[in-house]
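Asker:
Number of protein chains: 2
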Amino acid sequence: METLEQLNVIIEGSARHVHVTREHLKILFGEDAQLHNKRELSQPGQYLTEEKVRIEGPRGGIDKVSILGPERSQTQVEVSFTDARVLGLNPPVRESGDLKGSAPIRIVGPAGYIDLEEGCIVAKRHIHITPEDAERYGLSDKEIVQVRVEGERALTFDEVVVRVSEKFRTRMHIDFDEMNAGQICPEQTGLVIKKK
Amino acid sequence: METLEQLNVIIEGSARHVHVTREHLKILFGEDAQLHNKRELSQPGQYLTEEKVRIEGPRGGIDKVSILGPERSQTQVEVSFTDARVLGLNPPVRESGDLKGSAPIRIVGPAGYIDLEEGCIVAKRHIHITPEDAERYGLSDKEIVQVRVEGERALTFDEVVVRVSEKFRTRMHIDFDEMNAGQICPEQTGLVIKKK
Chain W
29 METLEQLNVI IEGSARHVHV TREHLKILFG EDAQLHNKRE LSQPGQYLTE EKVRIEGPRG
89 GIDKVSILGP ERSQTQVEVS FTDARVLGLN PPVRESGDLK GSAPIRIVGP AGYIDLEEGC
149 IVAKRHIHIT PEDAERYGLS DKEIVQVRVE GERALTFDEV VVRVSEKFRT RMHIDFDEMN
209 AGQICPEQTG LVIKKK
Chain Y
29 METLEQLNVI IEGSARHVHV TREHLKILFG EDAQLHNKRE LSQPGQYLTE EKVRIEGPRG
89 GIDKVSILGP ERSQTQVEVS FTDARVLGLN PPVRESGDLK GSAPIRIVGP AGYIDLEEGC
149 IVAKRHIHIT PEDAERYGLS DKEIVQVRVE GERALTFDEV VVRVSEKFRT RMHIDFDEMN
209 AGQICPEQTG LVIKKK
């Protein structure tokens, strides 16, 4: 069997954030609302916006949560379990967009608020990868891999889902509970390990 | 070689907490201060107290941080990296009691405050184990092992230090960043894996 090259993927921490539909953006920020690009993110076409909202659960709220652009077909809130405890929510671990049965949450903007019956998740750790890199490193869409991180808090993440698209840049995304558990610094990489 | 039994150790999350000297307790709570046992902890003789303090760093403070009893020979503050960010501190990952060069922090009580030049750490993940269990499972004091946790956020912690004492009860201790990264529930166990 051919020995494939090993992928050391750059790990990025995703802070809590919100994706919104056009309709919900209007409710939160008013009829003429637009998302304003503050900074490009690593994934092509994705950006941090100037727009911030408050998110609320039964126990408490968190202010100044960023909306990521562009608008999407479903409104979605991604938090860490640390955030979930502040909010008093018990969101499931899910891939982005898989919202069925996810936690209810309120989003509050300057012009109004929306109550989602479902929409709050903790993101499943994942690797975005280009088709070229996927082929080079022998990885396929939806494959579950492990990622080894070195350091004083060395650990190996399991249950990391691979997502392949020509729209992607090759990066691993985890939340800040996971970044902190591994004491992972900006630009740090993890070694992708295929499961037997 | 003899095949040893495998240890599935109960994992407990340690919230941020403070240990105090008698002298510092007096400054924080007054001359006649005593620690009041609120609840026994899993380690024999260790207890959560009724006494709470505020901890402060250059960026912010955290209220209602519990003191653990009994009094100790060194005052020490254990936080997570999530807490450290709120405080604006950069504490090292250390075993309890290893405070040389650790982060400075202020502790504020109802009667006064103390400024520690060093004393704030992020606890190194560790296993407390009885001599009987250590022998049974082939583990020794100061040994570094891995611990595998199953579930939707399955992961393997590396750099877990084993501490053997007849004063201990066999338990693994990690902080809440680590609990959340592994979506670890109360009473959940991890499989201890010896390093080659």
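Heads up: the sequence lines are chains W and Y, in that order. Heads up, the first sequence is in the working numbering, so the first residue is 29 and it goes up one at a time. Heads up, the second sequence is in the working numbering, so the first residue is 29 and it goes up one at a time. In this text, a Cβ means the ideal position worked out from N, Cα and C, and glycines have one as well. This one's a predicted model, so the numbers in the text were calculated from it and none came from an experiment.
Thinking C-alpha only, which one of W/Asp60, W/Val177, W/Ala182 is nearest W/Ile39?
Answerer: Position 11 of the first sequence holds residue 39 of chain W. If we check each option's Cα against that of W/Ile39, W/Val177 comes out closest.
Asker: Per the DSSP calculation, Y/Ile157 is bridged to which residue(s)?
Answerer: On the second sequence, residue 157 of chain Y is found 129 positions in, with the first residue counted as 1. Bridge partners of Y/Ile157: Y/Val192.
Asker: Kindly examine the ligand GTP and report whether one of its heavy atoms sits closer than 6 Å to the Cβ of Y/Glu215.
Answerer: Among the components modelled here there is no ligand, and therefore nothing to report on the ligand GTP.
Asker: Which word fits W/Ser168, buried or exposed, when buried means at least 16 other C-beta atoms lie within 10 angstroms of its C-beta?
Answerer: Residue 168 of chain W sits at position 140 when you count from the first residue of the first sequence. W/Ser168 comes out exposed.
Asker: Quick one: give me the first and last residue of the beta strand (DSSP E) that Y/Leu117 is part of.
Answerer: Position 89 of the second sequence, counted from the first residue, corresponds to residue 117 of chain Y. No beta strand (DSSP E) contains Y/Leu117, which DSSP labels as neither H nor E.
Asker: Determine whether the Cβ of Y/Asp126 lies closer than 7 Å to any Cβ atom of chain W.
Answerer: Position 98 of the second sequence, counting from 1, holds the residue named residue 126 of chain Y. No, Y/Asp126 lies away from the interface with chain W (no Cβ there is under 7 Å from its Cβ).
Asker: Strictly under 7 Å for the Cβ-Cβ distance: is W/Ala209 near chain Y by that measure?
Answerer: One-based indexing of the first sequence puts residue 209 of chain W at position 181. Yes, W/Ala209 counts as interfacial toward chain Y.
Asker: Would you please verify whether the beta carbon of W/Val121 is less than 7 Å from any beta carbon of chain Y?
Answerer: Counted from its first residue, the first sequence places residue 121 of chain W at position 93. Yes, because at least one Cβ of chain Y sits closer than 7 Å to the Cβ of W/Val121.
Asker: Under 7 Å Cβ to Cβ from Y/Glu79, same chain only, skipping five residues before and after it: list those, please.
Answerer: Position 51 of the second sequence, counted from the first residue, corresponds to residue 79 of chain Y. The residues are Phe57, Leu63, His64, Ile95.
Asker: In terms of alpha-carbon separation, which member of Y/Gln71, Y/Thr77, Y/Val93 lies closest to Y/Ile83?
Answerer: Reading the second sequence from its first residue, position 55 is the one you call residue 83 of chain Y. The residue with the shortest Cα to Cα distance from Y/Ile83 is Y/Val93.
Asker: Buried or exposed: W/Gly73, going by 16 or more other Cβ atoms within 10 Å of its Cβ?
Answerer: As a working note, residue 73 of chain W is residue 45 in the first sequence. The residue is exposed, with fewer than 16 neighbouring Cβ atoms inside 10 Å.
Asker: Which residues in chain W sit within 7 Å of Y/Ala182, going by Cβ to Cβ distance?
Answerer: Here residue 182 of chain Y refers to the residue found at position 154 of the second sequence. Correct list: Asp186, Glu187.
Asker: Using the Cβ count rule (16 or more neighbours within 10 Å means buried), how would you classify W/Cys213?
Answerer: As a position in the first sequence, residue 213 of chain W is number 185, starting the count at 1. W/Cys213 should be labelled exposed.
Asker: State yes or no: is the beta carbon of W/Glu33 nearer than 7 Å to at least one beta carbon in chain Y?
Answerer: The sequence position of residue 33 of chain W within the first sequence is 5, counting from 1. Chain Y contact via Cβ: absent.
Asker: Considering only residues of the stretch 74-101 of chain W, which uninterrupted beta strand (DSSP E) runs meet the minimum length of 3 residues and lie entirely inside it, listed in chain order?
Answerer: With a minimum length of 3 residues, the continuous beta strand (DSSP E) runs that stay inside the stretch 74-101 of chain W are 75-84, 89-97.
Asker: Evaluate W/Arg87 with the Cβ neighbour count: other Cβ atoms within 10 Å of its Cβ, from every protein chain shown; 16 or more gives buried, anything less gives exposed.
Answerer: For the purposes of this step, residue 87 of chain W is identified with residue 59 of the first sequence, where counting begins at 1. So W/Arg87 ends up on the exposed side.
Asker: Mapping DSSP to helix, strand and coil, what is Y/Lys64?
Answerer: Taking the first residue of the second sequence as position 1, residue 64 of chain Y is located at position 36. Sequence check: residue 64 of chain Y is His here, not Lys. In this structure, Y/His64 counts as coil in the three-state DSSP scheme.
Asker: Taking just the CA atoms, how far does Y/Gly137 sit from Y/Ile221?
Answerer: Working through the second sequence from its first residue, we reach residue 221 of chain Y at position 193. Working through the second sequence from its first residue, we reach residue 137 of chain Y at position 109. For Y/Ile221 and Y/Gly137, the distance between alpha carbons rounds to 42 Å.
Asker: Which residues of chain W have a Cβ atom closer than 7 Å to the Cβ of Y/Asp205, listed in chain order?
Answerer: Indexing the second sequence from 1 puts residue 205 of chain Y at position 177. Asp205, Asn208, Ala209, listed in chain order.
Asker: Tell me the residue span of the alpha helix (DSSP H) that contains W/Lys54.
Answerer: Locating residue 54 of chain W in the first sequence gives position 26, where the first residue counts as 1. W/Lys54 -> alpha helix (DSSP H) spans 50-57.
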